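Asker:
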Amino acid sequence: FVDTYSKVAFAKLYTTKTPITAADILNDKVLPYFEQYELPMLRILTDRGTEYCGKVEHHDYQLYLAINDIEHTKTKAMSPQTNGICERFHKTILNEFYQITFRKKLYS
2 FVDTYSKVAF
12 AKLYTTKTPI
22 TAADILNDKV
32 LPYFEQYELP
42 MLRILTDRGT
52 EYCGKVEHHD
62 YQLYLAINDI
72 EHTKTKAMSP
82 QTNGICERFH
92 KTILNEFYQI
102 TFRKKLYS
């Protein structure tokens, strides 16, 4: 997660990409951070991955956003540049942490 205004970012390593893990980082890290500063989280921009998109009644992430009154905006299909700041953060995480960790076999 990257807040494009403040450039604050949150990351957590998961073994799967599911709606429940997408909601988990919002619940455990992101919303508590904004609440600490008494800032409302009004809208979130994601790509159209299955971990973010689905029918509200049957999709854990969509349901979590609805319960917390957060508007969900999605990027256009095949347009990662729309969410460029977040895409760049993902690349940094991949290059600086993930690849180094697995190359040195520090993670078990």
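Residue 2 is where the sequence shown starts when you use the numbering used here, and the numbers rise one by one after that.
Virtual Cβ for every residue (Gly too), placed ideally from N, Cα, C.
Owing to the predicted nature of the structure, the values given are computational and were not obtained by experimental measurement.
Using beta-carbon positions only, say whether residue 44 and residue 74 come within less than 8 Å of one another.
Answerer: The answer is yes: Cβ separation under 8 Å.
Asker: Using CA coordinates, which residue listed in 21, 91, 80 and 63 is at the minimum distance from residue 72?
Answerer: Ranking the options by Cα distance to residue 72, first place goes to 63.
Asker: Give the straight-line distance between the Cα atoms of residue 58 and residue 41, rounded to the nearest whole angstrom.
Answerer: Cα to Cα, the separation comes out at about 24 Å.
Asker: Measure the beta-carbon distance from residue 20 to residue 61 and round it to whole angstroms, keeping in mind my assumption that it falls under 8 Å.
Answerer: Residue 20 to residue 61, Cβ: 4 Å. Contact.
Asker: Take the Cβ of residue 102 as the centre, count every other Cβ of all protein chains shown within 10 Å, and call the residue buried at 16 or more, exposed below.
Answerer: Exposed, since its Cβ has fewer than 16 Cβ neighbours within 10 Å.
Asker: Just list the residues that DSSP pairs residue 44 with in beta bridges.
Answerer: In the DSSP output, where bridge partners are listed per residue, residue 44 has 72.
Asker: Where do the ends of the alpha helix (DSSP H) carrying residue 37 lie?
Answerer: Residue 37 -> alpha helix (DSSP H) spans 32 to 37.
Asker: Which term fits residue 23, buried or exposed, when burial requires 16 or more other beta carbons within 10 angstroms of its beta carbon?
Answerer: Buried: at least 16 other Cβ atoms inside 10 Å.
Asker: Just how far apart, CA to CA, sit residue 18 and residue 39?
Answerer: Each residue's Cα considered, the two are about 30 Å apart.
Asker: Tell me which residue opens and which closes the alpha helix (DSSP H) that residue 90 is part of.
Answerer: Its alpha helix (DSSP H) spans residues 85 to 94.
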